[in-house]
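Structure, as structure tokens:
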Amino acid sequence: GIQVEQSPPDLILQEGANSTLRCNFSDSVNNLQWFHQNPWGQLINLFYIPSGTKQNGRLSATTVATERYSLLYISSSQTTDSGVYFCAVERSSGDKLTFGTGTRLAVRP
Amino acid sequence: KAGVTQTPRYLIKTRGQQVTLSCSPISGHRSVSWYQQTPGQGLQFLFEYFSETQRNKGNFPGRFSGRQFSNSRSEMNVSTLELGDSALYLCASSLGTGGLEKLFFGSGTQLSVL
Chain A
2 GIQVEQSPPD LILQEGANST LRCNFSDSVN NLQWFHQNPW GQLINLFYIP SGTKQNGRLS
62 ATTVATERYS LLYISSSQTT DSGVYFCAVE RSSGDKLTFG TGTRLAVRP
Chain B
2 KAGVTQTPRY LIKTRGQQVT LSCSPISGHR SVSWYQQTPG QGLQFLFEYF SETQRNKGNF
62 PGRFSGRQFS NSRSEMNVST LELGDSALYL CASSLGTGGL EKLFFGSGTQ LSVL
């Protein structure tokens, strides 16, 4: 099956700092999504981004499908950004969504 | 619009018992997927249902099963529980139009098997 690797596995930031999270995948994909899992376990969909760049407030994401990676940028981090960030990919319609191992982010006040 | 609702939120069972978890998707969504999350294995796909039919299945033993009702609500069942079944079970819904879609997750059911 497709392999999805995320880096770094853990990240500690001071409030207000910026960060970049990376997702590498081993095969061509038609679907890529970024999720944030908060400390209570809720998975929130951040971006649906199989290619290109999208921005939503302090968050933005870029997927370079031809080079098989995606980046999630967090600017001016806040304590509420803490949690685990997952990317998930799908090779084609009807295939299952495969999740990466996640990046655990802690933002200190 | 209400989100994806999963019940119960927490569940404690003993080995050998069976358990049924419930998921109500977002109104208008016809596809429901189930995932198991453990610290060791991460998030793993269990199965997906669309229009009361299983459309896709992950690599889990037959003790894990599911179904979907005509109103798109879904249940998953685990029989003969093992200690290793302790996990957060997450349900996700999507429109199910057949394209590549955005998933929306519920808050999950935390299952502990003693």
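For the protein sequence lines, the chains are A and B, in the order given. The working numbering applies: residue 2 is where the first sequence begins, and numbers increase by one. The working numbering applies: residue 2 is where the second sequence begins, and numbers increase by one. Idealized CB from N, CA, C, for every residue including glycine. These numbers were taken from a predicted model, which means no experiment stands behind them.
query	result
For A:Y74 and A:N46, the rounded distance between their alpha carbons	15 Å
B:S108 at chain A interface by Cβ criterion, 8 Å	yes
Identity of the residue in B:Y90, B:D86, B:F106 nearest B:G17 by Cα	B:D86
Buried/exposed call for A:E16, threshold 16 Cβ in 10 Å	exposed
Residue-level contact to chain A via CB, B:L96, 8 Å cutoff	no
Buried or exposed (CB count within 10 angstroms, at least 16 for buried), A:V65	exposed
A:Q7 versus A:R109, A:K97, A:V108, A:C88, residue with shortest Cα-Cα distance	A:C88
Residues that A:L44 contacts on chain B, provided the C-beta gap is smaller than 7 Å	L91, F106
Within chain B, the residues that A:F12 reaches when beta carbons sit closer than 8 Å	Note that residue 12 of chain A corresponds to Leu in the displayed sequence, not to Phe. None at all; the shortest Cβ gap to chain B is about 17 Å.
Three-state secondary structure assigned by DSSP to A:A66	helix
Given B:L47 as reference, the closest of A:N39, A:D96, A:L106 once Cα atoms are compared	A:D96
Reference B:N72; option with closest CA among B:T39, B:G29, B:Y11	B:G29
Amino acids of chain B, ordered along the chain, whose beta-carbon sits closer than 7 Å to that of A:F100	G43, L44
B:G43, DSSP secondary structure in three states	strand
Cβ contact (3+ pairs, closer than 8 Å) linking the stretch 80–87 of chain A and the stretch 31–49 of chain A	yes
Bounding residues of the beta strand (DSSP E) (the contiguous stretch that carries A:D11)	11–15
Straight-line gap, A:L12 to A:N19 (C-alpha atoms, nearest Å)	11 Å
Of the residues B:L115, B:A93, B:L104, the one placed nearest B:L84, counting alpha carbons only	B:L115
Ordered list of beta strand (DSSP E) runs contained in the stretch 59–107 of chain B, each at least 3 residues	65–69, 75–79, 88–95
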